[in-house]
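S.K.:
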Amino acid sequence: VNPHWAMRRSKRGAKARQRNGGLGKRKSRRLEEEEEARATFLGRGEALDEEISSEEDEEDAQEKFEAVDPQEEAVESIEATRLRLARQLVAETRARVDDSSDEEEVAEALGEETRRRSLAGAARSASVVGSMKGHRGPVTCACLRGTSAVSGSKDNSVLEFDLESGKRTRTYLERWPARASEAVEAARGSVEGALAPRQSHEAEVLAVAANAEHLVAAGGRDKLIHVFDSRSSQPARSLRGHGQAVTALQFTEDGDLLSASEDGSVKVWRDGLVYSETLFGHSKAVRSLDCGRRPVTGGADATLRAWKLHDETHLVYRAHPGTSVDACFALSSDSHVSAGDDGCVSLWSAQRKKPVAIRRAAHGGPPASPTWLTALSGVRDSDLVASGASDGRLRLYDASDDLRPVLDFPCAGVINAIHATPDARHLLVAASHEHKFGRWIRRAPAPNALLLFRLTFDDPALS
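Start counting the sequence shown at 2; every next residue gets the next number (our numbering).
Laid out in structure tokens, this is it:
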């Protein structure tokens, strides 16, 4: 030790002790703080060394001591704890979202923490309560429109059914060989490379979507998107822009229409009628599309992509290497689920590049060739996820418990589409005897129909 430096330190300590009456600086300050705290606790800031000269003074001091209600202190402690936890939740939410996020995105993420429902753990059974038939060919797609269901088929038709009665209520596109309306046929004839006379496979319907108002959209092999007015069942417009088959359609919460295609692009149509922009990113065909608060798409390039339309950016997840992401579902704005022909169901978070949970061989099968997963759905802002596969079975998972299977029940044929009602009481399933994109898998005895399943839960309020 440097003697000169040690001498300076000893002189400083001596001067400090002299100033503080022989006590060290830290010790003196600590004693002063304790005296002030005790004086404040007794009330009115009296000195602690004040002498008590009579019994009355003792009673006054006791009253001062009892004036502080322990319950009030406990209430204040609880409120302080709540405030601390709330601030901690806000800080954690801000840390999860990226730096470019605004206050609305943070508020949106905070809202999801409180409104997320727990359903999967209470699921008990499922049973078929309705069957809707009308297509001659395989049913490839379906969607919900209020109390109705809209479906498309390889027989070129688009039909609407009533969920309660199971009866067909509207026909938007006729079944082949009947011709569609003059407007639709004229639009098909204007597509570059169109063949005449038209064959049935050239107009297969691969995607349908409906909004909360009165629009119904359908797309397929003819590379067009036909938008219909549900009030009259007549075509309102045929949208051109994709260079290959339209594989998926979805309306956003803002009323815009998103379309995916085998040309690798995703297009946005303002109000479902006017072209707005094209989203590029996939290097191969886009196989699946779903719109929650943020759209997600899956492609044959083995990626899952979550799009931020306002920022014109997107997140890329290497979902299923070497395979195709044939199904995806937006569980919430920052949680997504994907599945493909590798038999895996993967749960993703917007804050991680790797999956939060993976359920391998979700529907069984040999390790070298697990069962092909063909459809995904669930209830938004909850923990309930449903998958369908080429084995004709439906499975439900608990997203909050590493995609733990909670229910497994048989369906029929190849499941090409699943849609859950917002109240989680029903599942709409499009079942067919072959896959929507080809004939690699065939289940001959299976019907081409829409099946309505009713879910029951342990909680009577959910059932």
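Every residue gets a Cβ at the ideal spot worked out from N, C-alpha and C, and that includes glycine. Note that the structure is predicted; figures quoted are calculated from it, not measured.
Once you ignore the five residues that flank residue 418 on each side, which residues in its own chain have a CB closer than 6 Å to its CB?
M.R.: 142, 143, 376 and 431
S.K.: Could you tell me the alpha carbon to alpha carbon distance between residue 71 and residue 401, rounded to whole angstroms?
M.R.: The pLDDT assigned to residue 71 is 44, lower than 50, so where the model puts this residue is not dependable; a value taken from the coordinates is nonetheless given after this. Looking at the two C-alpha atoms, the distance is approximately 40 Å.
S.K.: Pull the bridge partners of residue 226 from the DSSP assignment, please.
M.R.: 220 and 240
S.K.: Less than 8 Å between CB atoms is the rule here; does residue 315 satisfy it with respect to chain C?
M.R.: Among the protein chains of the structure shown there is no chain C, as only one such chain exists.
S.K.: Once DSSP output is grouped into helix, strand and coil, what is the label at residue 351?
M.R.: It is coil, neither helix nor strand.
S.K.: Which residue's Cα is closest to the Cα of residue 394: 412, 288 and 218?
M.R.: 412
S.K.: Leaving out five residues before and five after residue 302 in sequence, what residues of the same chain have Cβ atoms less than 6 Å from its Cβ?
M.R.: 283, 284 and 285
S.K.: Compute the Euclidean distance between the alpha carbons of residue 414 and residue 132, then round it to the nearest angstrom.
M.R.: 14 Å
S.K.: Answer with buried or exposed for residue 151, where buried requires no fewer than 16 other C-beta atoms within 10 angstroms of its C-beta.
M.R.: buried
S.K.: Is residue 301 near the ligand FMN, with its Cβ less than 7 Å from a heavy atom?
M.R.: Although the ligand FMN was asked about, the structure shown includes no ligands whatsoever.
S.K.: Which partner residues does residue 134 have in the DSSP bridge list?
M.R.: In DSSP, residue 134 forms a bridge with 450.
S.K.: Determine the extent of the alpha helix (DSSP H) in which residue 185 is found, giving its start and end residues.
M.R.: 183 to 190
S.K.: My understanding is that residue 455 touches residue 128, with C-beta atoms under 8 Å, so please give their C-beta distance in whole angstroms.
M.R.: 6 Å
S.K.: Excluding the 5 residues flanking residue 371 on each side, which residues of the same chain have their C-beta closer than 6 Å to its C-beta?
M.R.: 344 and 362
S.K.: At which residues does the beta strand (DSSP E) containing residue 417 begin and terminate?
M.R.: Per DSSP, residue 417 belongs to the beta strand (DSSP E) from 415 to 421.
S.K.: How far does the beta strand (DSSP E) with residue 441 in it extend, from its first residue to its last?
M.R.: Neither: residue 441 is in no beta strand (DSSP E) and is coded neither H nor E.
S.K.: Could you check which residue in 300, 323, 351 and 340 has the C-alpha nearest to that of residue 294?
M.R.: 351
S.K.: Am I right that residue 276 and residue 229 are in contact with their C-beta atoms under 8 Å? What's the rounded C-beta distance?
M.R.: The pair is not a contact, with the Cβ atoms about 18 Å apart (cut-off 8 Å).
S.K.: If you draw a straight line from the alpha carbon of residue 311 to that of residue 267, how long is it in whole angstroms?
M.R.: Those two C-alpha atoms are separated by around 15 Å.
S.K.: Helix, strand or coil: which one does DSSP assign to residue 275?
M.R.: strand
S.K.: At what residues does the beta strand (DSSP E) containing residue 171 begin and finish?
M.R.: Note, residue 171: beta strand (DSSP E), 169 to 174.
S.K.: Please look up how many angstroms separate the CB atoms of residue 155 and residue 205, rounded, as I've assumed it's under 8 Å.
M.R.: 5 Å
S.K.: If you scan the stretch 295 to 327 from start to end, which runs of the beta strand (DSSP E) of 3 or more residues do you find wholly inside it?
M.R.: 296 to 300, 305 to 309 and 314 to 318
S.K.: Give every residue of the same chain whose Cβ lies closer than 7 Å to the Cβ of residue 179, excluding the five residues on either side of it in the sequence, and list them in chain order.
M.R.: If the five residues before and after residue 179 are omitted, its C-beta is found closer than 7 Å to no C-beta atom of its own chain.
S.K.: With distance defined between alpha-carbon atoms, name the residue in 203, 322, 318 and 323 nearest to residue 338.
M.R.: 318
S.K.: When the Cα of residue 245 is compared with those of 262, 397, 253 and 239, which residue comes out closest?
M.R.: It is 262.
S.K.: For the beta strand (DSSP E) that residue 152 lies in, which residues bound it at each end?
M.R.: 149 to 154
S.K.: Per DSSP, which residues does residue 405 bridge with? Please list them.
M.R.: For residue 405, which the question treats as bridged, DSSP gives the partners 399.
S.K.: Just curious, the beta strand (DSSP E) that residue 252 is in, first and last residue?
M.R.: Here the beta strand (DSSP E) through residue 252 covers 247 to 252.
S.K.: Do residue 260 and residue 220 have their CB atoms nearer than 8 Å?
M.R.: Contact: yes.
S.K.: Helix, strand or coil for residue 379, going by three-state DSSP, please let me know.
M.R.: Looking at residue 379 - three-state DSSP - the assignment turns out to be strand.
S.K.: Looking at the structure shown, is residue 394 part of a helix, part of a strand, or coil, going by DSSP?
M.R.: strand
S.K.: Near residue 349, which residues of its chain fall below 6 Å by C-beta distance, leaving aside the five closest residues on each side in sequence?
M.R.: 318, 337 and 356
S.K.: Do residue 429 and residue 451 have their CB atoms nearer than 8 Å?
M.R.: yes
S.K.: Going by CA-CA distance only, name the one from 329, 202, 153 and 91 that's closest to residue 439.
M.R.: 202
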